[in-house]
Amino acid sequence: MTTNAEGIEIAVEYETAVPTAGGPDAADFAIRRPGHATLECALYLALDAKQAFEAACGPLSEGDVQSLIRVLGDALYRTQIGSGVEPLAIQTIRARDLSDDQFDSAIGAAGLTKLPSDE
Numbered sequence: 291m292t293t294n295a296e297g298i299e300i301a302v303e304y305e306t307a308v309p310t311a312g313g314p315d316a317a318d319f320a321i322r323r324p325g326h327a328t329l330e331c332a333l334y335l336a337l338d339a340k341q342a343f344e345a346a347c348g349p350l351s352e353g354d355v356q357s358l359i360r361v362l363g364d365a366l367y368r369t370q371i372g373s374g375v376e377p378l379a380i381q382t383i384r385a386r387d388l389s390d391d392q393f394d395s396a397i398g399a400a401g402l403t404k405l406p407s408d409e
């Protein structure tokens with residue numbers, strides 16, 4: 291996905307799911323900007339974050355998890371670069387890192403649906 295943050299053209303490209311040995315779900319991204327070297331980044335979705343999404347949406351397939359990571363990575367990397375922060379090579383998103391709005395936006399952007407509330 292290419293976007294323009296404060297006049298900076300940024301292409302955040304999801305590359306592939308990353309197998310982990312029973313650890314968190316992860317994906318590799320390439321971040322491209324004119325005049326800069328390509329940044330290769332890995333983004334991990336911590337188990338607590340995955341469990342929070344599953345509590346809200348029900349069981350997630352591997353494809354669902356990768357869709358969430360793709361959406362979260364795009365937002366994270368664009369925000370960091372737009373703020374003048376170079377993304378770290380490896381980052382982990384935990385449940386506490388997401389505001390309620392970010393959480394709900396990620397669900398919608400990933401094409402998931404929240405379970406009906408018990409209220």
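Residue numbers (our numbering): 291 to 409. Backbone N, C-alpha and C define an ideal beta-carbon position, used for all residues, glycine too.
Beta carbon proximity, residue i to chain E, threshold 8 Å
i    : result
Q356 : Here chain E cannot be found, since the structure has a single protein chain.
Length of the line joining the Cα atoms of residue i and residue j
i    : j    : result
A346 : E299 : 34 Å
L405 : G348 : 7 Å
V415 : R323 : Here the chain comprises residues numbered 291 to 409, so residue 415 is not present and cannot be evaluated.
E376 : T403 : 32 Å
F319 : I383 : 14 Å
G372 : D315 : 26 Å
T293 : S357 : With a pLDDT of 46 at T293, under the threshold of 50, the modelled position of this residue cannot be trusted, and the question is left open.
P309 : K340 : 16 Å
L350 : A307 : 15 Å
R368 : S395 : 15 Å
G374 : D354 : 30 Å
E352 : H326 : 32 Å
S389 : Q370 : 16 Å
P337 : E344 : According to the sequence displayed, residue 337 carries Leu and not Pro. Between L337 and E344, the C-alpha separation is close to 10 Å.
I359 : L335 : 7 Å
Three-state secondary structure (DSSP) of residue i
i    : result
T328 : coil
A317 : strand
L335 : strand
R323 : coil
P406 : coil
Beta-bridge partners of residue i, as assigned by DSSP
i    : result
A399 : A399 is not bridged to any residue.
T306 : D318
8 Å contact criterion, which residue i and residue j should meet: CB distance rounded
i    : j    : result
Y304 : G363 : 7 Å
L329 : Q381 : Rounded, the Cβ-Cβ distance is 12 Å, inconsistent with contact.
A385 : A342 : 4 Å
query = Residue ranges of each alpha helix (DSSP H) run of no fewer than 4 residues wholly in the stretch 341-395, ordered along the chain?
reply = 352-372
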